[in-house]
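Structure first, then comments.
Numbering (this note's numbering), first residue to last: 66 to 327.
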């Protein structure tokens, strides 16, 4: 009960796709975890101990979730001078959503606005109340995701995925210097493709030629329809070969097939 992760969200987590005991995008996940430890002032767990964990997942496709807290101690919000981090993990079998790869998904804008905190921007820290509240805005099973803006009205991310879109033939993604989670698949795609980080309002989504939702577990979901926060349609896209190029690049990294439009 005195764990600081439980009490204050004082910690970090990683959600890693594992195929037959082999973790995907492991280096990117470890780099983000290391950066998070550096920002929070926590020692990073032993790399050899971390490297052994994916084998715990066993055969098949699984998700390995790592949770690292500052541990116990300190006085109130004041952390201990010499923290003893607590590492916990679990594995679970995973089945992706190929119909989302193939047919695309319907998304909506959320009413909730993300708070701006540059020091924590990009980190996958344990305090995710904003995402919980945003996800509670809808219960329609036909809606796959919600798009989030920050408190200044800039488009940032989806509730649990990153955003990439094409505008005037150029691939763009929101700049995450104020808030949001810098996903590992997004990071690798930024290194491999000419994707430009931009600051833009939510109206850019409806004007885009194509939009994708990406993360390192689900892969790439093309967006077929965008609604406002009240469910009014704003834009529709026909999912075709133009959507597959980005999907092919990303899915090659995750061992997923490239979907084909009907």
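For every residue, glycine included, the Cβ atom is placed at its ideal position computed from N, Cα and C.
Given residue i as reference, the closest of the options once Cα atoms are compared
| i | options | result |
| --- | --- | --- |
| residue 242 | 125, 230, 89, 219 | 219 |
| residue 85 | 156, 69, 100 | 156 |
| residue 188 | 307, 315, 317, 80 | 80 |
| residue 213 | 78, 153, 278 | 278 |
| residue 192 | 76, 125, 102 | 76 |
| residue 231 | 141, 209, 106, 309 | 309 |
| residue 144 | 67, 283, 280 | 67 |
| residue 280 | 202, 299, 248, 307 | 248 |
| residue 132 | 172, 124, 69 | 69 |
| residue 197 | 179, 206, 115 | 179 |
Opposing strand residues paired with residue i [DSSP bridges]
| i | result |
| --- | --- |
| residue 292 | 173, 298 |
| residue 129 | 81, 156 |
| residue 196 | According to DSSP, which records beta bridges pairwise, residue 196 is partnered with nothing at all. |
| residue 139 | Partner(s): none; residue 139 has no beta bridge. |
| residue 231 | 236, 275 |
| residue 286 | 278 |
| residue 88 | 83 |
| residue 106 | DSSP output for residue 106 lists no bridge partner at all. |
| residue 251 | For residue 251, which the question treats as bridged, DSSP gives no partner whatsoever. |
| residue 258 | In DSSP, residue 258 forms no bridge with anything. |
Neighbour-count burial assignment, residue i, 16 or more Cβ in a 10 Å radius
| i | result |
| --- | --- |
| residue 216 | exposed |
| residue 311 | buried |
| residue 327 | With a pLDDT of only 48 at residue 327, under 50, the local geometry of the prediction cannot be trusted, and no value is derived from it. |
| residue 162 | exposed |
| residue 239 | buried |
| residue 134 | buried |
| residue 221 | buried |
| residue 112 | exposed |
| residue 117 | exposed |
| residue 301 | exposed |
| residue 224 | buried |
| residue 210 | buried |
| residue 272 | exposed |
| residue 321 | buried |
| residue 207 | exposed |
CB contact check: residue i to chain D, cutoff 9 Å
| i | result |
| --- | --- |
| residue 313 | Included in the structure is just one protein chain, with no chain D present. |
Helix, strand or coil at residue i [DSSP, three-state]
| i | result |
| --- | --- |
| residue 187 | strand |
| residue 319 | helix |
| residue 168 | helix |
| residue 304 | coil |
| residue 161 | coil |
| residue 99 | helix |
| residue 222 | strand |
| residue 120 | helix |
| residue 75 | coil |
| residue 265 | coil |
| residue 149 | coil |
Neighbourhood of residue i by C-beta distance below 8 Å, restricted to the same chain and skipping five residues each side
| i | result |
| --- | --- |
| residue 261 | 235, 236, 237, 238 |
| residue 182 | 243, 244 |
| residue 108 | 102, 148, 150 |
Close beta carbons around residue i, own chain, < 7 Å, minus the five adjacent residues each side
| i | result |
| --- | --- |
| residue 120 | 86 |
| residue 251 | 227, 238, 279 |
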